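The structure appears below as structure tokens.
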Amino acid sequence: MSEAHAVPESPELEALHQRLAENSLGGHWQSRERPAKLKPWVWRWSAIYSCLMESGEVVKLGGIDDAAKRRTVQLVNPAITHFKATSRTIQMSIQLVKPGERAECHRHSAAALRFVVEGDGTGYTNVEGEEMLMEPGDLVLTPNWTWHDHFNPGKNNIVWLDVLDSHLANYLDASFHENYGEGPAQPIMKREGYCRQNLGVVRPRKAKTDNRALPYTYKWSDTLNALTDRAAAGQSDPHDGVLLEYAHPLTGGATMPTIGCWVQLIPPGVTTQPQRHTSSTIYHVIRGEGLTSVGDKENVRDDLSWGAKDCFFVPSWNWYQFSNTSRKDPAIMFSVTDRPVLESLGLFREERG
Ligand SMILES: [Fe+2]
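Numbering (our numbering), first residue to last: 4 to 356.
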């Protein structure tokens, strides 16, 4: 921007600017519009949930002409409402599938995942013919270009977080979408648990190892045990509390090439140390209550307060720290980050206070 002021104005410069514009050219010294700074933000679960339930009354789902293919309420960052996006890379939305409903089969080049918030465990996502049951707290991966449909055969609603790297795919002009041509759902060819039997730590030796994401489901009982065991052993980091990654089942690296999934426990009464990164992260509070102090200057920050099931966003290069305001209960958060993208492009940077 300073270079824009370094060239003194003159009739000759003005004429040059006009000629440049007429020829779809620009001078490096000329100013340009900068992207909006994304805002740290909290979306209250009470508002999300009431809008979602209302959508269940007024938005039909399924294979009829006037129905939506998916019924989701999308988290929108107030700085980029025109994109209807949570962040520049990742979209988080909340999906409702009512009893007896099916979200029909399709595939897309955006990678997706689901984190279950509410349900009785009877609903499932079918990913490439594999039935993945959806119990609260489970994480289900539907990697890019994998067929997937969702069905709720039970008596209760299923509600989950839908997370996609759709904005990154759109930005790169790499978005493709295809509806399944052979009916509303794929046949189930592989029963629940297939992915863990074939891709878990004891697995057939022929399993390939590249970092391409794989259909996989991480069960909440395993995740919670891992978190609470580490917390009980006092393995809490001053900046992150107890922070675990949902590792790629074969490589041990990031969950997906474009989205890292993490789960985190902040012990009762603990305030973490401040840090910032070039990655941005969207959080969903599984349980507990607290504050996130966040801002683009280390000493000038806002306190975002949150409770169970609220969602919040920490933008790139904002300082942040968490406080668990409860003296007796841990706070547990699921999060999704574009850090794998920044790391793979050599753009990841961090500072710790
Ligand atoms: Fe989808």
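Beta carbons are placed, not taken as given, at the ideal position from N, Cα and C, and that holds for glycine.
All of these numbers come straight from a predicted model, not from anything done at the bench.
Ligand 2 heavy atom lying under 6 Å from the CB of residue i
i	result
Asp243	What this structure holds is ligand 1, not ligand 2.
For residue i, the nearest candidate out of the options (CA to CA)
i	options	result
Ala71	Gly59, Leu78, Asp165 and Glu354	Gly59
Ser96	Asn80, His109, Pro102 and Thr75	Thr75
Asp299	Thr128, Pro318 and Lys158	Pro318
Arg290	Gly237, Leu99, Leu28 and Trp48	Trp48
Gly244	Lys222, Gly255, Gln324 and Phe315	Gln324
Ala311	Gly237, Ile51, Ser13 and His280	Ile51
Leu144	Asp168, Glu121, Lys158 and Gly122	Asp168
Tyr174	Arg37, Ile285, Arg233 and Ile93	Ile93
Arg279	Arg304, Gly256, Gln21 and Leu23	Arg304
Ser186	Glu15, Ala250 and Trp150	Before going on, a small fix: residue 186 reads as Gly here, not Ser. Of the candidates Glu15, Ala250 and Trp150, the one whose C-alpha sits nearest the C-alpha of Gly186 is Trp150.
Trp265	Ala236, Val119 and Thr226	Thr226
Leu171	Glu12, Ser283 and Arg199	Ser283
Val204	Ala250, Thr231, Asp232 and Ala177	Ala250
Enclosing alpha helix (DSSP H) for residue i [first to last residue]
i	result
Trp48	Trp48 to Val61
Asp225	Trp223 to Ala235
Leu171	Ser169 to Tyr174
Tyr197	Tyr197 to Leu202
Glu15	Pro14 to Glu25
Residue i vs residue j beta-carbon contact at 7 Å
i	j	result
Val61	Trp309	no
Gly126	Asn155	yes
His287	Leu142	no
Val398	Asn321	Here the chain has residues from 4 to 356 only, and residue 398 is not among them.
Lys193	Glu133	yes
Gly356	Pro241	no
Glu107	Asp69	no
Glu131	Pro218	yes
Gln238	Met336	no
Gly263	Arg215	no
Gly65	Arg91	no
Asn129	Gln77	no
Thr254	Thr212	yes
Leu99	Glu195	no
Trp223	Gly293	no
Leu247	Ala229	yes
Where the beta strand (DSSP E) containing residue i begins and where it ends
i	result
Tyr286	Thr284 to Arg290
Val339	Ala334 to Thr340
Asn182	His180 to Asn182
Gln278	Gln278 to His280
Ile269	Gly263 to Ile269
Met95	Gln94 to Val100
Val143	Leu142 to Thr145
Nonlocal neighbours in the same chain, by C-beta distance under 6 Å from residue i, ignoring five residues either side
i	result
His111	His180
Val344	Thr261
Lys63	Ala70
Cβ shell of residue i (< 8 Å), same chain only, five flanking positions each side left out
i	result
Glu6	With a pLDDT of 44 at Glu6, under the threshold of 50, the modelled position of this residue cannot be trusted; read the value that follows with caution. Excluding sequence neighbours, Glu6 sits near His31 and Trp32.
Leu19	Gly30
Val79	Lys87, Ala88 and Thr89
Ile27	It should be noted that the sequence gives Ser, not Ile, for residue 27. There are no such residues.
Ala82	Ala39, Lys40, Leu41 and Lys42
Contacting residues, own chain, Cβ-Cβ under 7 Å from residue i (five flanking each side not counted)
i	result
Glu346	none
Subject >> Sufficient close CB pairs (3 or more, under 8 Å) joining the stretch 268 to 278 to the stretch 326 to 343 >> reply: yes
Original post:
If you pair each beta-carbon of the stretch 112 to 119 with each one of the stretch 73 to 93, do three or more pairs fall below 8 Å?
Top reply: no
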